[in-house]
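J.:
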Amino acid sequence: MSNLINSLIQEGWLKSPHIIEAFLEIKRVDFLPDSIKNLAEINEALPIGFGQTISQPLVVAFMLELLQPRKGEKILDIGAGSGWTTALLADIVGKEGKVVAIEIIPELKEFGEKNVSKYNFIEKGIVEFLCADGSQGYKEEAPYDKILVSASAKECLKAWKDQLKIGGKIVVPIRNSIFLFEKKSKESFTQKEFPGFVFVPLIQK
39 MSNLINSLIQ EGWLKSPHII EAFLEIKRVD FLPDSIKNLA EINEALPIGF GQTISQPLVV
99 AFMLELLQPR KGEKILDIGA GSGWTTALLA DIVGKEGKVV AIEIIPELKE FGEKNVSKYN
159 FIEKGIVEFL CADGSQGYKE EAPYDKILVS ASAKECLKAW KDQLKIGGKI VVPIRNSIFL
219 FEKKSKESFT QKEFPGFVFV PLIQK
């Protein structure tokens, strides 16, 4: 087991066996530009070009633990970037599940798609990668069991709330906090805030 994953477990960021398994299976180094592959084990956000980053491992661990993805679920991954979270989610949902990954920057969409395809998730039909404005969600595949947003929004957007199943969860950074929203009925959501995080802003058209 890598030192990074070991420390994430020891410090309590990674707790759930199925999420730990995904972290062991999906290597972060496969999602980094060649010039910084040697930094894969560092617990920091790293630049992937176009002003975007691959998130800090402890933040990804924290967000996935809040989201609690499960086998067979359909998950929307907004701001997919390098494709690392997409591949982690795909590993968890498995062949009965589906991950729809949205990235607005064409070059990054290609980079992410290429990285995710190293694990055959795209050819198996588990992952669909789209170059689009994530703030709109993706109606065609709605409703989703879970939605993960990897860039900081000003609020939890209506499109995301509308495209979520009742009982579903959204994990989204808003300003410098991570929020967990749970859909209790068509119109009502509970929310929890976890402050103290930094993200690149969500790009909208």
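This note's numbering puts the last residue of the sequence shown at 243; the count rises by one with no breaks. C-beta atoms are modelled at their ideal positions from N, C-alpha and C, and glycine is treated no differently.
Provide the residue(s) that pair with A191 in DSSP beta bridges, ordered along the chain.
T.: Within the sequence shown, the letter at position 153 stands for residue 191. DSSP output for A191 lists I212 as bridge partner(s).
J.: Considering only their Cβ atoms, is the gap separating P107 from I130 smaller than 7 Å?
T.: Your numbering for residue 130 matches position 92 in the sequence shown. Your numbering for residue 107 matches position 69 in the sequence shown. Taking 7 Å as the Cβ cut-off, I130 and P107 qualify as a contacting pair.
J.: Hey, which unbroken runs of the beta strand (DSSP E) at 3 residues or more fall wholly within the segment 110 to 154?
T.: List check, beta strand (DSSP E) in window: 112 to 116, 136 to 141.
J.: Can you say whether D115 is buried or exposed, counting buried as having 16 or more other CB atoms within 10 angstroms of its CB?
T.: By one-based count along the sequence shown, residue 115 stands at place 77. So D115 counts as buried.
J.: Cβ of K53 within 7 Å of Cβ of E103?
T.: Against the sequence shown, residue 53 aligns to sequence position 15. Against the sequence shown, residue 103 aligns to sequence position 65. Taking 7 Å as the Cβ cut-off, K53 and E103 qualify as a contacting pair.
J.: Is there contact between the segment 172 to 192 and the segment 156 to 163, where contact requires at least three CB pairs shorter than 8 Å?
T.: Output reads no: the segment 156 to 163 does not touch the segment 172 to 192.
J.: Short check: CB of G175 to CB of A139, under 7 Å?
T.: Position 137 of the sequence shown, counted from the start, is the residue given in the question as residue 175. Position 101 of the sequence shown, counted from the start, is the residue given in the question as residue 139. Contact: no.
J.: Below 8 Å on the Cβ atoms is my guess for T119 versus G150; work out the distance and round it to an integer in Å.
T.: Within the sequence shown, numbered from 1, the residue matching residue 119 stands at position 81. Within the sequence shown, numbered from 1, the residue matching residue 150 stands at position 112. Thr is not the amino acid found at residue 119; the sequence shown has Gly there. About 6 Å separates the two Cβ atoms, so the contact holds.
J.: Terminal residues of the continuous alpha helix (DSSP H) containing I47?
T.: As a first step, residue 47 must be located in the sequence shown, where it is residue number 9. Element bounds for I47: 41 to 48.
J.: For G61, which option in G117, T123, F232 has the closest C-alpha, if you only look at C-alpha atoms?
T.: Counted from its first residue, the sequence shown places residue 61 at position 23. The identity of residue 61 in the sequence shown is Phe, whereas the question assumes Gly. Closest by alpha carbon: T123.
J.: First and last residue of the alpha helix (DSSP H) that includes E178?
T.: Counted from its first residue, the sequence shown places residue 178 at position 140. Segment: none, E178 is in no alpha helix (DSSP H) and carries neither H nor E.
J.: Name the DSSP beta bridge partners of Q90, please?
T.: Within the sequence shown, the letter at position 52 stands for residue 90. DSSP, once it has assigned bridges, lists G87 as partnering Q90.
J.: Going by alpha carbons, who is nearest to G87 out of L70, F100, A99, V98?
T.: Indexing the sequence shown from 1 puts residue 87 at position 49. Considering only alpha carbons, the answer is L70.
J.: Distance check for P239 and A128, CA to CA, integer angstroms please.
T.: Here residue 128 is taken as the residue at index 90 of the sequence shown, counted from 1. Here residue 239 is taken as the residue at index 201 of the sequence shown, counted from 1. Rounded to the nearest angstrom, the two C-alpha atoms are 24 Å apart.
J.: For D72, count the other beta carbons within 10 Å of its own beta carbon; 16 or more makes it buried, fewer makes it exposed. Which is it?
T.: Counted from its first residue, the sequence shown places residue 72 at position 34. With fewer than 16 Cβ atoms within 10 Å of its Cβ, D72 is classed as exposed.
J.: Can you list, in chain order, the residues of its chain whose CB lies under 8 Å from that of I164, leaving out five sequence neighbours each side?
T.: Counted from its first residue, the sequence shown places residue 164 at position 126. Closer than 8 Å at Cβ, skipping near neighbours: A128, V131, G132, K133, G135, K136, V137.
J.: I113 and K192 - do their beta-carbons sit closer together than 7 Å?
T.: Indexing the sequence shown from 1 puts residue 192 at position 154. Indexing the sequence shown from 1 puts residue 113 at position 75. No, Cβ-Cβ distance for K192 and I113 is not below 7 Å.
J.: Could you check which residue in V98, K230, E82, K109 has the C-alpha nearest to that of H56?
T.: As a working mapping, residue 56 is identified with position 18 in the sequence shown. That would be K109, whose Cα lies nearest to the Cα of H56.
J.: Just to confirm my understanding: we take G172, look at its own chain, exclude 5 residues before and 5 after, and list those with CB closer than 6 Å. What are they?
T.: By one-based count along the sequence shown, residue 172 stands at place 134. So the list reads I116, G117, I140, once near-sequence residues are dropped.
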